[in-house]
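Trainee: Just so you know, the sequences run in chain order A and B.
Residue numbers for the first sequence follow the working numbering, beginning at 1 and rising by one.
Residue numbers for the second sequence follow the working numbering, beginning at 157 and rising by one.
Using N, Cα and C, we set each Cβ at its ideal position, and we do this for glycine too.
This is the structure I want to talk about, given as structure tokens.
Number of protein chains: 2
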Amino acid sequence: MDDPSDSSLSLKRQICFPFYEAANLLQQLYRPFLAPLNLTYAQYLVMLVLWGHDGKSDVTVGTIGRQLGFETGTLSPLLKRMEAAGHVKRMRSPDDERRVIISLTQQGQFLREKAKYIPDQLLRDSGLSDAELAGLREKGQTFAHCLRTMLQNRSV
Amino acid sequence: MDDPSDSSLSLKRQICFPFYEAANLLQQLYRPFLAPLNLTYAQYLVMLVLWGHDGKSDVTVGTIGRQLGFETGTLSPLLKRMEAAGHVKRMRSPDDERRVIISLTQQGQFLREKAKYIPDQLLRDSGLSDAELAGLREKGQTFAHCLRTMLQNRSV
DNA sequence: TGAAATAATATTGTATGCAATATAATATCC
DNA sequence: GGATATTATATTGCATACAATATTATTTCA
Chain A
1 MDDPSDSSLS LKRQICFPFY EAANLLQQLY RPFLAPLNLT YAQYLVMLVL WGHDGKSDVT
61 VGTIGRQLGF ETGTLSPLLK RMEAAGHVKR MRSPDDERRV IISLTQQGQF LREKAKYIPD
121 QLLRDSGLSD AELAGLREKG QTFAHCLRTM LQNRSV
Chain B
157 MDDPSDSSLS LKRQICFPFY EAANLLQQLY RPFLAPLNLT YAQYLVMLVL WGHDGKSDVT
217 VGTIGRQLGF ETGTLSPLLK RMEAAGHVKR MRSPDDERRV IISLTQQGQF LREKAKYIPD
277 QLLRDSGLSD AELAGLREKG QTFAHCLRTM LQNRSV
């Protein structure tokens with residue numbers, strides 16, 4: 001095992017690294033689209049959750065955290081910044097004072113109209129076919145699911 | 157377009173989000189393996205670069221940054237922490253005082269022996285076949301490459 | 001040669017991320 | 001009904017990430 005490129009510790013052989021790299025790159029890719037909306041990528045994901053909610057029930061901090069896989073230590077200050085930016089409101093639930101209900105401000109609702117062209121724009125810029133894009137999404141979901149399962153098995 | 161799940165802004169339709177989620181999860185997955193070695197995932201990647209180097213030329217900050225896609229604002233303090241931990245040495249190049257040469261300490265070399273079981277362990281834990289793993293790696297590399305290309309096209 | 005351009009790294013400021021811990025409210029159970 | 005456990009969120013501390021800027025050294029070229 002003298003050739004390092006043969007080793008399991010070779011960078012080129014890593015499976016995780018491309019996904020890690022992709023996560024960094026995709027945030028750079030989104031930045032110029034999101035910065036005019038005063039959103040970061042993580043905040044954009046929170047907006048996706050809020051925009052996509054049917055409004056039939058309250059969206060709490062925990063709701064968002066479970067959908068995005070964010071810990072409270074990430075989400076709590078992030079939501080405060082989003083409130084300071086005027087995108088969302090934070091309100092203690094009257095029913096259960098432990099819960100904090102997150103809702104869109106009018107500005108947060110309007111932002112949806114400006115944001116809705118972003119995904120199509122990026123998909124076009126990618127130059128990939130629908131089939132290729134579907135394949136990437138499927139593999140990404142598969143890998144994320146695999147990692148979630150591995151983490152859950154560990155804590156059991 | 158009344159059903160939010162039909163919209164391009166639906167979380168479920170996102171291609172990037174699974175990759176972003178995977179990057180967060182994989183770091184959680186590595187943590188208990190790397191913490192005993194006093195390494196974070198980003199630092200582990202730096203060690204992969206150093207372990208994999210043939211030693212025939214100097215490894216500079218820029219060398220590492222280009223291989224991992226890290227900006228100097230990330231790498232500079234990260235390498236200082238790694239030096240403080242005793243993993244690497246930082247030395248100005250005598251030939252070109254602008255360069256900082258990064259080299260492994262003896263401890264950093266020994267760490268390779270402890271680390272080399274980690275990839276196999278994680279691959280086993282995944283329960284995936286070699287073909288499935290190869291497919292994931294290929295798609296991860298494809299996506300990372302696609303994103304890199306999109307970013308480069310933009311700055312041109 | 002010497003000013004301007006370039007290159008390599010460092011610094012600063014802002015925003016994630018997560019583990020560990022703390023706090024406060026609700027639920028449980030005897 | 002009150003001690004205990006659980007739940008939901010917040011806080012703290014540490015380590016990324018990156019854009020923008022600064023610093024220092026080298027190269028270029030007039």
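Quick check on DSSP: helix, strand or coil for SER155(A)?
Mentor: Here the question's residue 155(A) lines up with position 155 in the first sequence. SER155(A) falls in the helix class under three-state DSSP.
Trainee: How about SER164(B): is its C-beta nearer than 7 Å to some C-beta of chain A?
Mentor: Translated into positions along the second sequence, residue 164(B) becomes position 8. Chain A contact via Cβ: present.
Trainee: Look at the alpha carbon of TYR313(B) and the alpha carbon of VAL88(A), and state the distance between them as a whole number of angstroms.
Mentor: The first residue shown for chain B is 157 and the last is 312, placing residue 313(B) beyond what the model contains.
Trainee: Where does LYS12(A) sit, in a helix, a strand or coil, going by DSSP?
Mentor: Taking the first sequence and counting its residues from 1, one reaches residue 12(A) at position 12. If DSSP states are grouped into helix, strand and coil, LYS12(A) belongs with the helices.
Trainee: Pull up the DSSP beta-bridge partners for SER249(B), would you.
Mentor: Walking along the second sequence from the start, residue 249(B) turns up at place 93. Bridge partners of SER249(B): none, in fact.
Trainee: Under a Cβ-count criterion, where at least 16 other Cβ atoms within 10 Å of its own Cβ denotes burial, should MET1(A) be classed as buried or exposed?
Mentor: Here the question's residue 1(A) lines up with position 1 in the first sequence. In this prediction, MET1(A) scores a pLDDT of 48, lower than 50, which makes its location untrustworthy; no coordinate-derived value is stated.
Trainee: Does the distance from the CB of ALA179(B) to the CB of PHE143(A) come in under 7 Å?
Mentor: Numbered from its first residue, the second sequence carries residue 179(B) at position 23. Numbered from its first residue, the first sequence carries residue 143(A) at position 143. Not a contact, by the Cβ cut-off of 7 Å.
Trainee: Roughly how many angstroms separate the alpha carbons of LEU128(A) and ASP120(A), rounded to a whole number?
Mentor: For the purposes of this step, residue 128(A) is taken as residue 128 along the first sequence, with counting starting at 1. For the purposes of this step, residue 120(A) is taken as residue 120 along the first sequence, with counting starting at 1. Rounded to the nearest angstrom, the two C-alpha atoms are 12 Å apart.
Trainee: Could you have a look at CYS302(B) and say whether DSSP puts it in helix, strand or coil?
Mentor: Your numbering for residue 302(B) matches position 146 in the second sequence. Note: CYS302(B) maps to helix in three-state DSSP.
Trainee: Going by the beta-carbon positions, is the gap between LEU190(B) and TYR176(B) smaller than 7 Å?
Mentor: If you number the second sequence from 1, residue 190(B) lands on position 34. If you number the second sequence from 1, residue 176(B) lands on position 20. No Cβ-Cβ contact shorter than 7 Å links LEU190(B) with TYR176(B).
Trainee: What residue range is occupied by the uninterrupted alpha helix (DSSP H) comprising LEU234(B)?
Mentor: As a working mapping, residue 234(B) is identified with position 78 in the second sequence. For LEU234(B), the enclosing alpha helix (DSSP H) covers residues 228–240.
Trainee: Which residues in chain B sit within 7 Å of GLU21(A), going by Cβ to Cβ distance?
Mentor: Numbered from 1 along the first sequence, position 21 holds the residue referred to as residue 21(A). Per Cβ cutoff of 7 Å: GLY225, ALA300.
Trainee: List the endpoints of the continuous alpha helix (DSSP H) containing LEU128(A).
Mentor: Counting from 1 along the first sequence, the entry for residue 128(A) is found at position 128. Segment: none, LEU128(A) is in no alpha helix (DSSP H) and carries neither H nor E.
Trainee: Run down chain A in chain order and give the residues with a C-beta less than 7 Å from the C-beta of ILE171(B).
Mentor: Taking the second sequence and counting its residues from 1, the one referred to as residue 171(B) is at position 15. Result: LEU133, LEU136, ARG137, GLY140.
Trainee: Is DSSP giving VAL215(B) helix, strand or coil here?
Mentor: In the second sequence, residue 215(B) corresponds to position 59, counting from 1. Reduced to three states, the DSSP call for VAL215(B) is coil.
Trainee: Take LYS168(B) as the anchor and find which of GLY140(A), ASP95(A), GLN107(A) has the nearest alpha-carbon.
Mentor: Against the second sequence, residue 168(B) aligns to sequence position 12. Among GLY140(A), ASP95(A), GLN107(A), the Cα nearest to that of LYS168(B) is on GLY140(A).
Trainee: Take SER249(B) and list the residues in its own chain whose beta-carbon comes closer than 6 Å to its own, dropping the five residues that flank it on each side.
Mentor: Your numbering for residue 249(B) matches position 93 in the second sequence. Close CB contacts of SER249(B) within its chain, under the 6 Å cut and outside five residues either way in sequence, are with ARG255, ILE257 (chain order).
Trainee: Does any CB atom of chain A fall closer than 7 Å to the CB of MET306(B)?
Mentor: Here residue 306(B) corresponds to residue number 150 of the second sequence, with the count starting at 1. Yes, MET306(B) lies at the interface with chain A (some Cβ there is under 7 Å from its Cβ).
Trainee: Check whether the Cβ atoms of ARG112(A) and TRP51(A) sit closer than 7 Å, and answer yes or no.
Mentor: Counting from one through the first sequence, the residue named residue 112(A) turns up at place 112. Counting from one through the first sequence, the residue named residue 51(A) turns up at place 51. Contact: yes.
Trainee: I need the straight-line Cα distance from GLN170(B) to GLN265(B), nearest angstrom please.
Mentor: Position 14 of the second sequence, counting from 1, holds the residue named residue 170(B). Position 109 of the second sequence, counting from 1, holds the residue named residue 265(B). If I take the Cα positions, the gap works out to 41 Å.
Trainee: So who's on the other strand from VAL100(A), going by DSSP bridges?
Mentor: Counted from its first residue, the first sequence places residue 100(A) at position 100. Partner(s): ARG92(A).
Trainee: Buried or exposed for ALA290(B), please, with buried defined as at least 16 other CB atoms from any protein chain shown within 10 angstroms of its CB.
Mentor: Here residue 290(B) corresponds to residue number 134 of the second sequence, with the count starting at 1. Per the 10 Å Cβ criterion, exposed.
Trainee: Could you check whether the Cβ of LEU260(B) sits closer than 7 Å to any Cβ belonging to chain A?
Mentor: Taking the second sequence and counting its residues from 1, one reaches residue 260(B) at position 104. Using a CB distance cut-off of 7 Å, LEU260(B) does not count as an interface residue toward chain A.
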